[in-house]
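In our numbering, the protein residues as written are 172 to 736.
Glycine included, C-beta positions come from ideal geometry on N, C-alpha and C.
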Amino acid sequence: MAINPPVDATQTPAWAKLQKHYDELQAEGIDLKKWFAEDADRVKNLTFDAGTLHFDLSKNLIKPETLAMFAELADDVKLAERTKAMFSGVHINNTEDRAVLHTALRRPDSDKGAVIVDGQDAVADVRATLERIYAFANKVRSGEWKGVTGKEIKTVVNIGIGGSDLGPAMAYKALRPYADAGITARFVSNIDPNDIAEKTRDLDPETTLFVVVSKTFTTLETLTNAREAREWLLGELKMRNAIDDSEEKAAEAVSKHFIAVSTNLEKVAEFGIDPNNAFGFWNWVGGRYSVDSAVGTTLAIVFGPARFEEFLAGFREIDKYFAETPFEKNVVVLLGMLNVWYRNFFNVASHAVLPYNQYLDRFPAYLQQLTMESNGKSVRWDGTPVTTQTGEIFWGEPGTNGQHAFYQLIHQGTQLIPADFIAFANTTNPLKDGDQDVQELFLGNFLAQTKALAFGKTADEVRAEGTPEEIVPARVFEGNRPTTSIFGVRLDPFALGELIALYEQITFVEGTVWGLDSYDQWGVELGKQLAKEITPALSKSDEALLAQDPSTIDLINYYRKVREF
Ligand code: F6P
């Protein structure tokens with residue numbers, strides 16, 4: 172297959188302009204206070220609306236004229252062409268020779284026939300699968316679907332890892348207030364036996380449904396946990412004499428308490444899950460881009476089809492905005508370029524994502540897979556080395572908790588850490604503390620932090636507070652620490668869809684600038700392969716032990732000495 176080499180962004184006219192601009196800003200002195208004072212239109216020119224979200228980029232280390240250079244870079248790296256290729260099903264994931272069509276997952280019924288991939292009507296397939304999922308979800312929600320002893324389902328346990336866990340687990344937490352059918356969910360991902368042990372300890376097998384989610388249906392963690400869950404289910408049911416010892420009854424129990432989500436339906440059947448209770452997706456959906464596919468089945472059950480449709484509509488809103496808005500006004504493109512600006516010109520290594528909403532506490536973890544598995548790469552899509560730094564480290568925790576933990580380093584540390592602050596005006600849980608609205612107390616912090624980071628506090632201001640001279644330096648805040656504020660109306664399924672699509676497309680923009688195939692993940696393979704070789708060395712095989720390197724041998728010998736069976 173002929174591969175079009177990526178444009179080397181660093182050799183483009185726009186890159187040269189950005190370099191010159193960066194040098195000029197450094198020479199002039201980066202000074203947000205001054206830039207705000209000198210430019211009355213700064214906020215107007217650096218704020219945007221997309222869907223229900225409002226974006227303030229004004230506290231970033233850019234000037235309004237920087238945006239035109241970002242847009243030029245997008246042109247120079249042929250972002251429009253690549254976006255079109257992605258949306259239309261071209262195999263842009265060339266190391267796996269696959270289309271990249273997560274955008275087809277959220278297309279409406281009316282788009283049937285609009286995306287034909289390898290001869291297949293992607294939207295028709297998506298909608299048909301969703302109809303099956305919704306029918307199943309409605310049965311579980313209404314109580315029509317019963318467990319093997321005739322009881323309704325009360326708990327759904329999602330078994331999956333990576334993209335088959337992080338998306339549904341994050342969205343379940345984010346949308347908790349919308350769970351309206353009396354069904355809760357749990358998530359088992361780790362192969363650490365503690366995970367499944369703790370998640371099943373107080374579970375009622377008669378009212379539990381396991382959803383085994385694995386794109387490949389070969390993932391060690393997921394298949395091991397699924398087997399463990401099956402053992403647990405049958406063991407518990409037998410212990411309480413709810414089923415007899417016959418194979419027929421065991422098969423019936425599995426068929427009532429296990430469903431599967433996979434692209435590999437043959438392997439699902441091999442595992443013993445009824446193909447009627449399996450929901451498929453396609454190899455053109457990357458694991459970390461799959462929460463809005465059948466991978467979200469747990470969400471459709473807990474929140475219902477109508478809410479799931481709202482979730483998809485949120486994604487669609489941002490996809491449309493991203494694909495149709497001119498680059499210079501396109502906040503999705505601009506945020507991608509802003510990340511490139513910090514990574515490559517300011518040489519920053521990490522990027523904080525700080526949601527001011529407790530329901531989003533797994534959002535940073537979700538973003539870590541999305542962004543770092545996508546863009547943590549050193550070769551470009553044609554196999555040539557990258558020409559500049561790639562992939563930032565994404566991390567974060569909800570505010571205000573983070574304020575009392577790591578914000579110190581963001582405010583006064585020696586490295587620059589651009590941060591996205593995300594908040595919603597309305598809360599699901601309005602509270603008063605006396606006459607103080609607690610949501611306002613919370614949002615006051617959201618606003619205060621970005622202000623403190625941008626404008627800081629000078630030595631004179633510290634002195635004016637009567638601070639003894641010797642501790643003045645410790646109390647100075649330099650300011651000029653960049654933040655983007657993302658403000659929404661409320662965290663509902665639509666807004667969550669918007670937020671996820673936003674970061675998906677930001678990741679794509681960055682990957683395009685760096686010339687990366689953001690949709691493969693070869694970097695996870697070596698560890699998997701070595702784990703297979705090393706596991707027997709732990710206690711089963713001396714031969715396998717001796718085949719290891721000295722450090723691994725030493726660690727295993729330590730293990731053999733202290734492990735208690
Ligand atoms: O090991 C990485 C990975 O392949 C992820 O990309 C993926 O989301 C995860 O494993 C789980 O894979 P699967 O859904 O096939 O079980």
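- Fewer than three Cβ pairs drawn from the segment 334-353 and the segment 291-307 lie within less than 8 Å of each other, which leaves the two stretches out of contact.
- Beta-bridge analysis with DSSP links Tyr343 to no other residue.
- With a threshold of 16 other beta carbon atoms within 10 Å, His575 falls short and is exposed.
- Taken atom to atom, the span from the alpha-carbon of Ala635 to that of Lys622 is near 20 Å.
- The segment 599-669 is shown to contain whole alpha helix (DSSP H) runs of 4 or more residues at 609-626, 630-635 and 643-646, in chain order.
- Every alpha helix (DSSP H) of 4 residues or more that sits fully in the segment 238-303 is shown, in chain order, as 250-259.
- In the three-state scheme derived from DSSP, where H, G and I count as helix and E and B as strand, Ser433 is classed as strand.
- In this structure Ala484 does not touch Phe226 by the C-beta definition: roughly 20 Å separates them, more than the 8 Å allowed.
- The C-alpha of Trp206 lies about 50 Å from the C-alpha of Ser385.
- Distance from the CA of Gly562 to the CA of Asp688, rounded to the nearest whole angstrom, comes to 12 Å.
- The secondary-structure analysis by DSSP pairs Leu525 across a beta bridge with Phe592.
- Where Gly507 is concerned, the enclosing alpha helix (DSSP H) starts and stops at Val502 to Val511.
- Scanning its chain for C-beta atoms nearer than 8 Å, with the 5 sequence neighbours on each side dropped, one finds around Asp366 the residues Val359, Ser360 and Asn396, in chain order.
- With contacts defined as CB atoms closer than 8 Å, Ala494 and Ile304 fail to qualify as a contacting pair.
- In this structure, the C-beta of Lys386 approaches the ligand F6P to less than 7 Å from one of its heavy atoms.
- Relative to the ligand F6P, Gln700 has its C-beta separated by 7 Å or more from all heavy atoms.
- Fully enclosed beta strand (DSSP E) runs of no fewer than 3 residues occupy 429-433 and 449-451 of the segment 426-503, in order along the chain.
- Residue range Pro721 to Val733 is occupied by the alpha helix (DSSP H) that includes Ile727.
- Exclusion of the five residues before and after Gly334 leaves Gly458, Arg459 and Ser461 as the residues of its chain whose Cβ lies within less than 6 Å of its Cβ.
- Within a 10 Å sphere around the beta-carbon of Arg278 sit 16 or more other beta-carbons, which makes this residue buried.
- According to DSSP, residue pairing for Glu402 in a beta bridge does not occur.
- Look at Ser281: its beta carbon is at least 7 Å from all of the heavy atoms in the ligand F6P.
- Segment contact: the segment 536-556 against the segment 714-723, fewer than three CB-CB distances shorter than 8 Å; contact not assigned.
- Beta-bridge pairing by DSSP links Ala368 to no other residue.
- One Cα belongs to Lys249, the other to Asp375, and the distance between them is close to 55 Å.
- Under the three-state reduction of DSSP, Pro177 is assigned to coil, being neither helix nor strand.
- Around the beta carbon of Arg533, 16 or more other beta carbons sit within 10 angstroms, so the residue counts as buried.
- Relative to the non-hydrogen atoms of the ligand F6P, the Cβ of Gln529 never comes closer than 7 Å to any of them.
- Around the beta carbon of Arg551, 16 or more other beta carbons sit within 10 angstroms, so the residue counts as buried.
- Excluding five sequence positions before and after Leu614, the CB atoms of its chain that fall closer than 8 Å to its own CB belong to Tyr527, Ala594 and Ala596, given in chain order.
- With at least 16 other beta carbons inside 10 angstroms of its own, Phe429 counts as buried.
- With a cutoff of 8 Å on beta-carbon distance, Leu276 and Val456 are scored as near each other.
- In the displayed model, Thr326 falls within a strand according to three-state DSSP.
- With fewer than 16 other Cβ atoms from the protein chains shown falling within 10 Å of its own Cβ, Pro364 counts as exposed.
- 8 Å or more divides the Cβ of Asn309 from the Cβ of Ile174.
- Burial is judged here by how many other beta carbons sit within 10 angstroms of a residue's own beta carbon; Leu505 has at least 16 and is buried.
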